[in-house]
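The sequence shown begins at 22 in our numbering and counts up by one.
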Amino acid sequence: MAHDRDELVFYTNPQSRGRIVRWMLEEVGQPYRTQVLAFDGSQKSPDYLAINPMGKVPAIVHRGVVVTEGAAICAYLADAFPEAGLAPARGDPLRGPYYRWMFFAAGPVEAAVSAKAMGLLAPAERAGMVGYGSFEQTVDTLEIAVASASPWLLGEQFTAADVYVGSQVSWGLMFKTLPERPAFVEYATRLRAREAAQRAAALDDALLP
């Protein structure tokens, strides 16, 4: 798959975690080209496997650099386009909680929610072997982060961490994989009101079969 050197290309499917990256791209506000891969084997084509050997979306290609994994793409885009103000500046102490909560959502939250949905949670006696410990511990810790969001995880500055963590919370509520706690509901409501989130949802919804 050929790309112009400076082009930003977004590989996605509207029924995937690509919706997280779409929202991030809309927050960034830079032009990008969308390449939709249907769940018909397109993701396993040799051309796409050269981009992501996992054969999964989302992925981006920017200035010849391939980035996969939703949290990594969000972090990359925030740094690649600092003018959007979606990450604390390097050296800012807020960069610590920014990374902490984004990767807490990408690690323990993603793993615990997926394991619970499939009935594969680690037994209590082996909780120390898994990064999430227990589902309850993970959800309680996520609630601590979200309950302190005023209005966002880092205070007044909305960041890529809100895009990623907020997507996990919103999907968890939608698919009933997270408990409907007031802090989660209030945070998700604030996120859905963002113009970029609404634009992204409309763009992806328009691509649905």
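Don't be surprised by glycine CBs; every beta carbon is placed ideally from N, CA and C.
Only a predicted model underlies this, so the values are computations on that prediction, with no experimental measurement involved.
Starting from residue i, trace the beta strand (DSSP E) both ways and give me its first and last residue.
i	result
VAL86	86-89
Just checking my contact of residue i with residue j at CB under 8 Å: how many whole Å lie between their CB atoms?
i	j	result
TYR120	ALA170	At roughly 16 Å, the Cβ-Cβ gap does not stay under 8 Å, so TYR120 and ALA170 are not in contact.
ALA93	VAL49	Contact flag wrong, Cβ pair sits at about 15 Å.
MET45	ALA148	In fact, because the Cβ distance is near 32 Å, the residues do not count as touching under 8 Å.
GLN51	TYR32	Wrong, their Cβ atoms sit about 16 Å apart, outside the cutoff.
GLY152	GLY128	5 Å
ASP226	ARG43	With 8 Å as the limit, ASP226 and ARG43 do not qualify as a contact, their Cβ atoms being about 11 Å apart.
HIS83	LEU29	5 Å
LEU194	VAL206	7 Å
VAL160	PRO200	7 Å
Helix, strand or coil for residue i, going by three-state DSSP, please let me know.
i	result
ARG111	coil
ARG215	coil
THR180	coil
ARG54	strand
VAL151	coil
LEU142	coil
GLN189	helix
GLN64	helix
PHE205	helix
MET75	coil
PRO200	coil
LEU229	coil
GLY106	coil
ALA59	coil
Spell out the partners DSSP gives residue i in its beta bridges.
i	result
ILE81	PHE31 and VAL88
TRP173	GLY176
In the DSSP assignment, the alpha helix (DSSP H) including residue i goes from what residue to what residue?
i	result
GLN158	156-168
ASP68	67-70
TRP123	A small correction: the amino acid at residue 123 is Met; Trp does not occupy that position in the sequence shown. Residues 116-125.
ARG40	39-49
Assuming contact is defined by CB atoms lying nearer than 8 Å, are residue i and residue j in contact in what I supplied?
i	j	result
GLY176	LEU212	no
GLU146	GLN189	no
VAL87	ALA80	yes
PHE156	LYS137	yes
ALA108	ALA99	yes
PRO35	LEU174	no
ALA221	ARG40	yes
THR198	VAL134	yes
Any chance the CB of residue i is under 7 Å from a heavy atom of the ligand NAD?
i	result
SER169	This structure lacks the ligand NAD; in fact it carries no ligand of any kind.
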